[in-house]
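Working notes, beginning with the structure itself.
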Amino acid sequence: MPTRLHFSEELDKLQKQIIEMGALVIKALERSVKAYKHMDISLAREIITSDPRINQSELRIDDKCAVLIAEEQPVARDLRLILNSMRTSHTLERIADNAVHVAKSTLILDEENALKPLIDIQRISSIAIGMVRDAMNVYVSLDTKMAEEISQRDKAVDKIYADYLKKLLGVMEQNPEKIHHAMTLIFICRRLERIADHATHICEGTVYVETGQYVDLNL
Amino acid sequence: MKDLPMNGISEKKIKLQTVNLNLYYGEMRALKNVSIEIESNRVTAFIGPSGCGKSTFLKTIDRMNDLIDYVRIEGKVYYDGIDIYKDYDVTELRKKIGMVFQKPNPFPMTVYDNVAYGPRVHGIKKKSVLNEIVERGLKAAVLWDEVKDRLHKPALGLSGGQQQRLCIARVLAVEPDVILMDEPTSALDPISTAKIEDLIYELKNNYTIIIVTHNMQQAGRISDTTAFFLVGEIIEAGPTDHLFLHPQDKRTEDYISGRFG
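These protein sequence lines map, in sequence, to chains A and B.
Counting in our numbering, the first sequence runs from 134 upward without gaps.
Counting in our numbering, the second sequence runs from 949 upward without gaps.
Quick look at the structure:
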């Protein structure tokens, strides 16, 4: 006979809250890249002003976890799931902060000395956002194999970032007037690279819930 | 391979050990091949559903089944390396291994006489010595301040929590080595429970404690090691913090998570 039905329902609700927060964060990410791509200033501003909503989600999840710990006194896997949910919401909030930074960078891009559109930012954002989306699926499914597979993609992101950095340093040496624009692009790229790292952290959390082991998937 | 250190102590000292312990109530096998080592100066908690053998195991350590005809015991129980069913006088054993029960059971006599009862049985008659033992026992059980002015009043007039601490003082008065506690706080309110738990924490400096509890959080709070019993078997035993966060057996996980159906 199943027991602790109420607690199980509350855990489901907690996971749903995380998924909803994840959806908000992914949307903010996609819009921040779109704003950069189309130099859409009003969209970039919208991302910045809507960030407090994501911050509120994190606080609500923290409260929910605190109540579950106090009232249900979870142990073992239940406790790991709750601890990981707190960690995941914190990580999502940091991902959203990166989306805000991309939007802010878009606002200060020096259009007069713009560099030709660089495909690397599109590639890195596409991989990073895909990693976050898949990490959210893994948060629910607790598929540790998938968690490892997602984390492997971070290597490609790191490579693009390193190559891009090298390329832009060369541009800056040759064209000092483009330093401002190039630096901003480096910041954007750096933010996207960090987002991929955060997606890996979410994957590591799911391995912890499932196995109780702390693993570093970012090797 | 050498055992891994537990809680930072590399050389663990074993106070009690059972090897392939089986106990039968007539045809019914209540303990099945129970092999466990109980560390000295540690609190070991036994958890498990009702009827799983926890209390039977405690009684076996204190030879409380000796007078029950239909009980048959196989296997070994060692106390300080000595086989208690072969080489130990039972009265001496009970002096070394004291027991506190679920329901406080003070004798219907004064507070003083309750604590002095054991020492008197063991031949101590001198008033000044008894006074000292009673005071020491009550102080160790953190009850002295509450009863020092009513030592010669009936023990049954004390509150439930005070009565249970009196029972612990009574055990301590005969200077045991090991204290067995069978759900010692299940009949107490949260404040009395907290006092007993604090007391257990203090007592482990000088005694080895085994506690049977149905309260998971209590096991988590006060024990260093936890063993999970199920249908007469130890399913899993290990450091408490590890067992409560990363149980290895699904049955342990289901039980401690309250999902045992």
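Beta carbons are placed, not taken as given, at the ideal position from N, Cα and C, and that holds for glycine.
Every value quoted in this text rests on a predicted model; they were computed, and no experiment measured them.
Just how far apart, CA to CA, sit residue i and residue j?
i: His1162(B); j: Tyr973(B); result: 23 Å
i: Glu1150(B); j: Asp1125(B); result: 14 Å
i: Val1069(B); j: Lys1044(B); result: 14 Å
i: Lys197(A); j: Ser218(A); result: 10 Å
i: Met264(A); j: Gln206(A); result: 33 Å
i: Ile180(A); j: Arg164(A); result: 7 Å
i: Ala993(B); j: Ser238(A); result: 58 Å
i: Gln346(A); j: Asp291(A); result: 25 Å
i: Leu302(A); j: Arg323(A); result: 14 Å
i: Pro309(A); j: Arg286(A); result: 34 Å
i: Met1012(B); j: Ile1072(B); result: 25 Å
i: Asn989(B); j: Arg137(A); result: 36 Å
i: Ala229(A); j: Ile293(A); result: 21 Å
i: Asp267(A); j: Asp253(A); result: 21 Å
i: Glu143(A); j: Ile194(A); result: 12 Å
i: Asp951(B); j: Ile1158(B); result: For Asp951(B), the predicted structure reports a pLDDT of 43, less than 50, and the residue's modelled location is therefore unreliable. The matter cannot be settled from this model.
i: Glu153(A); j: Leu216(A); result: 18 Å
i: Asn970(B); j: Leu1091(B); result: 39 Å
i: Asp1130(B); j: Met1047(B); result: 8 Å
i: Gln1166(B); j: Thr1174(B); result: 11 Å
i: Thr1004(B); j: Leu979(B); result: 8 Å
i: Lys1034(B); j: Arg1042(B); result: 15 Å
i: Asp1093(B); j: Leu1099(B); result: 11 Å
i: Val1077(B); j: Asn1153(B); result: 24 Å
i: Pro1138(B); j: Leu1086(B); result: 21 Å
i: Ser183(A); j: Ala203(A); result: 32 Å
i: Pro1195(B); j: Ala236(A); result: 45 Å
i: Pro997(B); j: Arg227(A); result: 44 Å
i: Pro1132(B); j: Ser274(A); result: 42 Å
i: Ile995(B); j: Leu1191(B); result: 11 Å
i: Pro953(B); j: Tyr1036(B); result: Only weak support exists for where Pro953(B) lies, its pLDDT of 45 falling under 50; the value from the coordinates is given anyway. About 31 Å.
i: His234(A); j: Glu282(A); result: 28 Å
i: Pro185(A); j: Ile1116(B); result: 57 Å
i: Glu1123(B); j: Ala199(A); result: 44 Å
i: Phe1208(B); j: Glu1201(B); result: 9 Å
i: Ile986(B); j: Asp1031(B); result: 15 Å
i: Leu318(A); j: Met269(A); result: 27 Å
For the ligand SAH, is there a heavy atom less than 7 Å away from the beta-carbon of residue i?
i: Glu975(B); result: The model on display carries no ligand, and the ligand SAH is accordingly not part of it.
Using a threshold of 8 Å, state whether the C-beta atoms of residue i and residue j are closer than that.
i: Asp1014(B); j: Val1038(B); result: yes
i: Tyr1026(B); j: Gln1112(B); result: no
i: Ala232(A); j: Leu162(A); result: yes
i: Ala177(A); j: Ala168(A); result: yes
i: Asn351(A); j: Thr333(A); result: yes
i: Ala329(A); j: Leu1193(B); result: no
i: Leu1147(B); j: Val1059(B); result: no
i: Arg977(B); j: Gly1105(B); result: no
i: Val894(B); j: Gly1023(B); result: What the structure shows of chain B is the stretch from 949 to 1209, and residue 894(B) is not part of that stretch, so it cannot be assessed.
i: Tyr1065(B); j: Phe1049(B); result: no
i: Met305(A); j: Ala315(A); result: yes
i: Ser224(A); j: Ile335(A); result: The question names Ser, but residue 224(A) is Thr in the sequence shown. Yes, the Cβ-Cβ distance between Thr224(A) and Ile335(A) is below 8 Å.
i: Ala1089(B); j: Met1057(B); result: no
i: Gly1168(B); j: Ser1140(B); result: no
i: Leu214(A); j: Val342(A); result: yes
i: Val1160(B); j: Lys1002(B); result: yes
i: Ile151(A); j: Tyr297(A); result: no
From the DSSP secondary-structure annotation, give me the bridge partner or partners of residue i.
i: Asp1031(B); result: Tyr1026(B)
i: Asn970(B); result: Glu1022(B)
i: Phe994(B); result: Val1160(B), Ala1175(B)
i: Ala209(A); result: Beta-bridge pairing links Ala209(A) to no other residue.
i: Gly1186(B); result: Thr1174(B)
i: Glu143(A); result: Per DSSP, none; premise fails for Glu143(A).
i: Gln965(B); result: Glu985(B), Tyr1026(B)
i: Leu979(B); result: Leu971(B)
i: Asp196(A); result: Its beta-bridge partners do not exist; DSSP assigns none.
i: Glu1181(B); result: Leu1178(B)
i: Asp1130(B); result: Val1160(B)
Quick test of your reading: residue i and residue j, contact by CB under 8 Å. State the CB separation rounded to the nearest angstrom.
i: Val1082(B); j: Ala1121(B); result: 7 Å
i: Ala1135(B); j: Lys1007(B); result: Actually they do not touch by this definition, with Cβ atoms about 19 Å apart.
i: Thr1188(B); j: Ser1171(B); result: 5 Å
i: Ile159(A); j: Ile262(A); result: 7 Å
i: Arg1199(B); j: Ile1183(B); result: 5 Å
i: Phe1176(B); j: Tyr1203(B); result: 6 Å
i: Cys1000(B); j: Leu1178(B); result: 5 Å
i: Ile984(B); j: Ala1185(B); result: 6 Å
i: Val1063(B); j: Arg1020(B); result: The Cβ separation is near 36 Å, so there is no contact.
i: Thr344(A); j: Thr277(A); result: 7 Å
i: Glu380(A); j: Ile257(A); result: What the structure shows of chain A is the stretch from 134 to 352, and residue 380(A) is not part of that stretch, so it cannot be assessed.
In chain order, what are the residue ranges of uninterrupted beta strand (DSSP E) at least 3 long that sit wholly in the segment 211 to 277 of chain A?
The qualifying runs do not exist here; there are none.
Ignoring anything shorter than 4 residues, give me the alpha helix (DSSP H) runs that lie fully in the segment 1097 to 1128 of chain B, in order along the chain.
Counting only runs of 4 or more residues that sit fully inside the segment 1097 to 1128 of chain B, the alpha helix (DSSP H) segments are 1108 to 1120, in chain order.
Unbroken stretches of the alpha helix (DSSP H), 4 residues or longer, contained in the segment 1046 to 1100 of chain B:
Correct list: 1059 to 1069, 1075 to 1088, 1092 to 1095.
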